[in-house]
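Sequential numbering from 787 applies to the sequence shown in our numbering. Just so you know, even glycine gets a beta-carbon here, dropped at the ideal spot from N, CA and C.
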Amino acid sequence: MHQQGSGTPGRISENSGTGLRLCCFRPFPRKHDRTVSGAIQGSRRRGEWKAMIDAPGTILIANTRLIGDVVLTTPLVEILMDAFPGVAIDVLVNRGTGEFLEKDPRIRRVIYSEKWRNSASGFGSSYLLGLVRKYDLAITMNSGDRGAMAVLVASRRYRVGFCQTDKPYSRFLRSRLFSHPIDGAADMHMVGLCGQIADALGIPYSLLRVRLFWDKGDEERVAATLGGEPVPPYFVIHPFARWGYKYWDLKRFVEVSNHVAREHHLQPVWTSSPDEAEAQLLKESAAECSVKPILIPGSLSLNQMACLLQGARLYIGLDTAITHIAASTGVPVVALYGPTELWRWHPWNNDSPSAKLVRPGYRGPIRCGRIVTLQAGCDHPTCLRPDCYGAVENPCMMAITTDQVCQEASRLLSPSTTKIQQTQGAEHGR
């Protein structure tokens, strides 16, 4: 099972002509900044610290959203395990979004939510009965009703959750429901929310690491899928996403695939979800490549995908959960983003010496070590709005050129860049 490093929270600095670059600055702002920060800094000087709560024996983390959201919750698991050795952590997720957590040795149990039968809040859902007063500490990563209801049911003592500051009535109710309410940070990266929760509980942290785990059986499955040992040097392209507005022209992926394969002598590997339409598009597009890719049409689990990506020389993909998984494994990444809030959803670099706090409203590119996120500037007034999302060929995505992607891929694969990446990996014990 792999290990990744990360760093302390930070701020941004800009370098004109080369996109956004990141540097270390200061921790995430805390709700009770004066009290919490002073207590933590003082205890760090003594080599010890004390949380704002009694050490829990059991913890529930609820994240009832999509796969990417659940992936970006994993830094919180590490923070809590480090703070409370021996604690039992359960995670509540939607079915189909968190099965990869079953192989995380830090998690005792993964609980799957059902469809809400009687109301939007979840009353009448039988799985909730299994949570009643089972936990010393319950945390929801979402601002919606599902997670709030689970937290309310699960713990009578410590309940942590986010309040929607733009909805006063909802904020008032949740400030009473949670023992540790946190003002919702709509402009903060999703991984940064893990840091906010740690701050609310008075837990110091130095790393925010997204991590997935796999076992020997997964490694064997990946090797067999790639054609058996020895596995040739390869790179991975994942040209699909959940929503159409995130798509890039598949013909451009063909051009990029051919360029990387020829220039860097790497075997292309193209992947998709198990969706039949995606699998068909994968087959048709790959057939146009002059260097024929190995096709993996959704036949690997997310744990196996993480294993596949960890062994790759390069990953190229869209704004999707697979890209977040790729970023967590240490592989160099070129991510293509359209009308997405980049400051909240850019791929998280575990090896960076800073937490990536990108200012709200910033449009890419972002270059952070081995991860490059490309996003073209867009001047039309509907960008980041639903009518922009509905475009068949989204102008934000079409503004990213094949030359840009090829140049970034070649830069990440250059000997000098690769040497720096290997040094960073050694420093973090990977």
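Going straight from the alpha carbon of I1033 to that of L1086, what length do you get?
Position check: residue 1033 holds Tyr in this sequence, whereas Ile was assumed. Take the alpha-carbon of Y1033 and the one of L1086: they are about 22 Å apart.
What do you get for T926, buried or exposed, if any count of 16 or more other CB atoms within 10 angstroms of its CB means buried?
buried
Work out the CA separation of L1160 and G1150 for me, nearest whole Å.
6 Å
Check whether the Cβ atoms of L994 and I865 lie closer than 9 Å to each other.
yes
Work out the CA separation of R1007 and L1036 for me, nearest whole Å.
27 Å
Whole-angstrom C-beta distance between T1115 and L1095, which should lie under 8 Å
Contact between L1095 and T1115 holds: their C-beta atoms lie close to 5 Å from each other, under 8 Å.
Nearest-angstrom Cα separation, counted from E1064 out to S1196
27 Å
If you draw a straight line from the C-alpha of I1023 to the C-alpha of G1103, how long is it?
6 Å
In its own chain, which residues sit with a C-beta less than 7 Å from the C-beta of S905, not counting the 5 before and 5 after it?
Because the pLDDT at S905 is just 43, under 50, the model does not fix this residue reliably, and the point stays unresolved.
Anyone know if the C-beta pair for K889 and F1039 falls short of 9 Å?
no
Please classify G872 as buried or exposed, where buried requires at least 16 neighbouring CB atoms within 10 angstroms.
exposed
Member of L846, P891 and L1052 whose CA lies at the smallest distance from the CA of S941:
L846
Proximity below 9 Å, CB of V879 to CB of V863
In this structure, V879 sits away from V863, with a CB-CB distance that is not shorter than 9 Å.
Buried or exposed, going by whether 16 or more other CB atoms sit within 10 Å of the CB of D1137?
buried
In whole angstroms, what separates the C-alpha of R932 from that of S899?
9 Å
Sequence-distant residues of its chain with Cβ nearer than 7 Å to A934 (five each side left out):
T926, G947, R960 and L963
Grab the span of the alpha helix (DSSP H) containing W1131 for me, first residue to last.
L1128 to W1131
Does A1009 come out as helix, strand or coil in the three-state DSSP assignment?
helix
With a threshold of 16 other CB atoms inside 10 Å of the CB of P1019, please say whether the residue is buried or exposed.
So P1019 ends up on the exposed side.
Output the distance between the C-alpha atoms of A756 and P1083, rounded to the nearest integer angstrom.
Residue 756 is absent from the structure shown; the chain starts at 787 and stops at 1216.
Element boundaries [alpha helix (DSSP H), containing C1192]:
Residues T1188 to L1199.
Quick one: using the 10 Å Cβ neighbour count with 16 as the cut-off for buried, is S1200 buried or exposed?
exposed
State the beta-bridge partners of I847 as determined by DSSP.
V877 and I925
I'd like the span of the alpha helix (DSSP H) that includes R894, first residue to last.
Element bounds for R894: n/a, residue is neither H nor E.
I'd like the span of the alpha helix (DSSP H) that includes H1050, first residue to last.
Note, H1050: alpha helix (DSSP H), L1036 to H1050.
Select from R851, H975 and L923 the residue whose C-alpha is nearest the C-alpha of R1130.
H975
Which same chain residues end up closer than 8 Å to E1015 when comparing Cβ atoms and leaving out the 5 residues on each side of it in sequence?
Taken in chain order, the residues that qualify are A1009.
Could you tell me which residues DSSP pairs with I1080 in its beta bridges?
BP columns for I1080 point to V1055.
To the nearest angstrom, how far is it from the Cα of S1076 to the Cα of N1044?
6 Å
Length of the line joining the Cα atoms of L808 and C1154:
Residue placement at L808 is poorly supported in this model, since its pLDDT is 38, which falls under 50; the coordinates still yield a value, given next. C-alpha separation (whole angstroms): 6 Å.
Between D1189, Y1123 and I1080, which has its C-alpha nearest P1181's C-alpha?
Selected option, being the one with the closest Cα: Y1123.
Determine the extent of the beta strand (DSSP E) in which T1159 is found, giving its start and end residues.
I1157 to L1160
Distance check for Y1101 and V1120, CA to CA, integer angstroms please.
Answer to the nearest angstrom: the Cα atoms are 6 Å apart.
Between which residues of its own chain and K920 is the CB-CB distance below 7 Å, once the five residues before and five after are set aside?
T844 and A940
Could you check how far apart the C-beta atoms of F1026 and S1059 are, in whole angstroms? I think they sit under 8 Å.
So it is a contact: roughly 6 Å between Cβ atoms.
C949 - partner residues in DSSP beta bridges
D969
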